[in-house]
Amino acid sequence: MNKDYKLHHPAWYRRQMQIFWWLKRFSYTKFISRELTSLAVGWSAIMLIALLWAAGHGAPAFDRFLTLMSSTSLVVLNIVAAIALLFHTLTWLHLAPKAMVVQIGRYRVPDRLLLIGQYLSWAAATALVVWYFGGSR
Amino acid sequence: MKRSNEPFFWLLFSGGGTLAALFLPALLFLLFIAPALGLVEPQSFEQMSAKLRPAPIRLFLLVLITMSLFHWGHRFRFTLYDGLQLKHLFGLIATLCYGGAAALSLLTAYLLWTFP
Numbered sequence: 001m002n003k004d005y006k007l008h009h010p011a012w013y014r015r016q017m018q019i020f021w022w023l024k025r026f027s028y029t030k031f032i033s034r035e036l037t038s039l040a041v042g043w044s045a046i047m048l049i050a051l052l053w054a055a056g057h058g059a060p061a062f063d064r065f066l067t068l069m070s071s072t073s074l075v076v077l078n079i080v081a082a083i084a085l086l087f088h089t090l091t092w093l094h095l096a097p098k099a100m101v102v103q104i105g106r107y108r109v110p111d112r113l114l115l116i117g118q119y120l121s122w123a124a125a126t127a128l129v130v131w132y133f134g135g136s137r
Numbered sequence: 138m139k140r141s142n143e144p145f146f147w148l149l150f151s152g153g154g155t156l157a158a159l160f161l162p163a164l165l166f167l168l169f170i171a172p173a174l175g176l177v178e179p180q181s182f183e184q185m186s187a188k189l190r191p192a193p194i195r196l197f198l199l200v201l202i203t204m205s206l207f208h209w210g211h212r213f214r215f216t217l218y219d220g221l222q223l224k225h226l227f228g229l230i231a232t233l234c235y236g237g238a239a240a241l242s243l244l245t246a247y248l249l250w251t252f253p
């Protein structure tokens, strides 16, 4: 390979794409919004890390954490993240029947049936979380 | 042909995407939003740490958090490449995304391992 070759070097004869190409069409914007839900996934992971840190550092640290969590900016951020997470969940669940074809013998399991399975697993996971973390036991 | 480590990261991405889709909405709402809005009684320090302490829960959280972080790293990496046309920053972006996910995963493992 030519030693001067650089992977993905911006070639001068390549057609220029604008940075905000994804605002041109609703379907493009939807695509980028769907991809950006990963930020909400990362944010939720960081929230869980903060919870672990607080719950492992004694009652005063945990109380400070609770106060911080009820501040307006964090509540707003968390609600935005939750909306994005729901978008992620819905698009992700609907992706599975497209990504995999399940066959039993010569019978192809219809997409709708797979989708029902997807929603049932979501319901089961949510029920598990509510059962374990909800209420005071 | 150079061997690619893409399949490995893709596996973390898809596994993380599934775990995140199934568990994160409920966790974020129940542990953070609902108590802050007064919809449920916030749990005391004793209750919360007792719930986080069992080994299976800690193991589950380790898998969930680590894979969610790598889901973010992988997906956000390509969002930056495509969305903002930053393909020429290939190495830098990959390092920041996977490196960030790896660093936070190590922190998670440390917190869970030393959880009192």
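These protein sequence lines map, in sequence, to chains A and B.
Each residue of the first sequence is one higher than the one before, starting from 1 at the first, in our numbering.
Each residue of the second sequence is one higher than the one before, starting from 138 at the first, in our numbering.
All C-beta atoms in this analysis are idealised placements derived from N, C-alpha and C, irrespective of residue type, glycine included.
The model shown is predicted, which means the values in this text are computed figures rather than measured ones.
Whole-number beta carbon distance between residue j and residue i, since they are thought to touch under 8 Å
i, j, result
"residue 207 of chain B", "residue 125 of chain A", "So it is not a contact: roughly 19 Å between Cβ atoms."
"residue 209 of chain B", "residue 38 of chain A", "5 Å"
"residue 75 of chain A", "residue 230 of chain B", "That belief does not hold up - the Cβ atoms of residue 75 of chain A and residue 230 of chain B are roughly 31 Å apart, past 8 Å."
"residue 88 of chain A", "residue 130 of chain A", "In fact, because the Cβ distance is near 19 Å, the residues do not count as touching under 8 Å."
"residue 69 of chain A", "residue 173 of chain B", "5 Å"
"residue 23 of chain A", "residue 29 of chain A", "6 Å"
"residue 252 of chain B", "residue 48 of chain A", "Contact doesn't hold; Cβ gap of about 13 Å is too wide."
"residue 186 of chain B", "residue 55 of chain A", "5 Å"
"residue 146 of chain B", "residue 225 of chain B", "The pair is not a contact, with the Cβ atoms about 20 Å apart (cut-off 8 Å)."
"residue 221 of chain B", "residue 83 of chain A", "Wrong, their Cβ atoms sit about 23 Å apart, outside the cutoff."
"residue 167 of chain B", "residue 133 of chain A", "6 Å"
Strand pairing of residue i, partner residues [DSSP]
i, result
"residue 108 of chain A", "A:103"
Cβ-based neighbour list, residue i, same chain, cut-off 8 Å, excluding 5 preceding and 5 following
i, result
"residue 93 of chain A", "115, 118, 119, 122"
"residue 188 of chain B", "180, 194"
"residue 81 of chain B", "Nothing about residue 81 of chain B can be read from this structure; chain B reaches only from 138 to 253."
"residue 77 of chain A", "43"
"residue 46 of chain A", "none"
Close-in-space but distant-in-sequence residues of the same chain around residue i (CB under 7 Å, 5 per side omitted)
i, result
"residue 44 of chain A", "81, 85"
"residue 245 of chain B", "199, 202, 203"
"residue 223 of chain B", "217, 230"
"residue 213 of chain B", "234"
"residue 165 of chain B", "none"
"residue 249 of chain B", "195, 198, 199"
"residue 150 of chain B", "207, 208, 211, 212"
Close Cβ partners of residue i (< 6 Å) along its chain, the five nearest in sequence each way excluded
i, result
"residue 111 of chain A", "97"
"residue 109 of chain A", "102"
"residue 228 of chain B", "none"
"residue 65 of chain A", "54"
"residue 107 of chain A", "none"
"residue 238 of chain B", "206, 207, 210"
"residue 91 of chain A", "34"
Closer than 6 Å: residue i CB and nearest the ligand ZN heavy atom
i, result
"residue 156 of chain B", "Looking for the ligand ZN in the displayed structure turns up nothing, as the structure carries no ligands at all."
| message | Tell me whether the segment 190-206 of chain B and the segment 99-108 of chain A touch, counting them as touching only if at least three CB pairs, one residue from each stretch, are closer than 8 Å. | response | Judged by Cβ distances under 8 Å, the segment 190-206 of chain B makes no contact with the segment 99-108 of chain A, as fewer than three pairs qualify.
Segment contact, 8 Å Cβ cut-off, at least three pairs: the segment 56-66 of chain A with the segment 166-183 of chain B: Three or more pairs of CB atoms, one per stretch, sit closer than 8 Å, so the segment 56-66 of chain A contacts the segment 166-183 of chain B.
Would you mind listing the alpha helix (DSSP H) stretches within the segment 140-202 of chain B that are 4+ residues and don't spill past its ends, in chain order? With a minimum length of 4 residues, the continuous alpha helix (DSSP H) runs that stay inside the segment 140-202 of chain B are 143-165, 182-189.
Entirely enclosed alpha helix (DSSP H) segments - the segment 195-246 of chain B, minimum 4 residues: For secondary structure counted as the alpha helix (DSSP H) over 4 or more consecutive residues, the segment 195-246 of chain B holds no complete run.
Would you mind listing the alpha helix (DSSP H) stretches within the segment 14-67 of chain A that are 4+ residues and don't spill past its ends, in chain order?
The DSSP assignment places complete alpha helix (DSSP H) segments of no fewer than 4 residues inside the segment 14-67 of chain A at 26-55, in order along the chain.
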